[in-house]
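Structure, as structure tokens:
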Amino acid sequence: MNDDEIRRLVEQYSPSLLRLACTRLSPADAEDAVQEVFLKLVTARPMFQGPEHEKAWLIRATLHRASDIRRRADRRAVSLEETGTQIPAREDNVPTLLSAVQALPEAYSAVIHLYYYEGYSIKEIAKLLRLPASTVGTRLARGRERLRRMLKEEMS
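Going by my numbering, 188 is the number at position 146 of the sequence shown; the sequence numbering is gapless.
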């Protein structure tokens, strides 16, 4: 893999990988995760079998890196009560859809993001994540149901 191919991958996939990482992380952490994935790409220089293989590798690497960053942050997290800080309430007190997706377990948020935000089909997601299509469909249905419940609870 030469520098021109790496440049093409960065230009082609950066926006979608950043959106994907934002489903699990803050925007700043998401940028770090994507940069680390591209750094891994530059240092490892894997040989891809085609466009689908490179896309799948980048998506899986981004999801893994985002999970690592989130786990690390969760271990260091300090409760708001311990800091004496309060979160300012939003005027309408309604959660955003993105924050609700971010609050889902990773298995659900990843497939919801890939399906709704990136436009992949269930079969394509299954291929990208190396999962059976039935598992992706189940995670999508369960994720939607959890989102529905979360948003309904917040609205009432």
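Glycine included, each C-beta is placed from N, C-alpha and C at the ideal position. Computed from a prediction, not measured in an experiment: that's the story for all the values here.
- Spatial neighbours of Lys165 in its own chain (CB-CB distance under 6 Å, excluding positions within 5 residues in sequence) are listed in chain order as Ala175.
- The beta carbon of Asp71 sits closer than 7 Å to those of Ile111, all from its chain and outside the five residues before and after it, given in chain order.
- Secondary structure of Pro88 (DSSP, three-state): coil.
- Annotation for Ser58: Glu160 place their beta carbon closer than 7 Å to its own, counting only its chain and skipping 5 residues before and after.
- Contact annotation: Ala98 and Arg172 have beta-carbon atoms nearer than 9 Å.
- When secondary structure is reduced to three states using DSSP, Tyr162 falls in the coil class, being assigned neither helix nor strand.
- Cβ neighbours of Leu170 within its own chain (closer than 6 Å, five residues either side excluded): Ala98, Ile101.
- By the Cβ rule, the segment 140-155 does not count as touching the segment 74-83, because fewer than three pairs are nearer than 8 Å.
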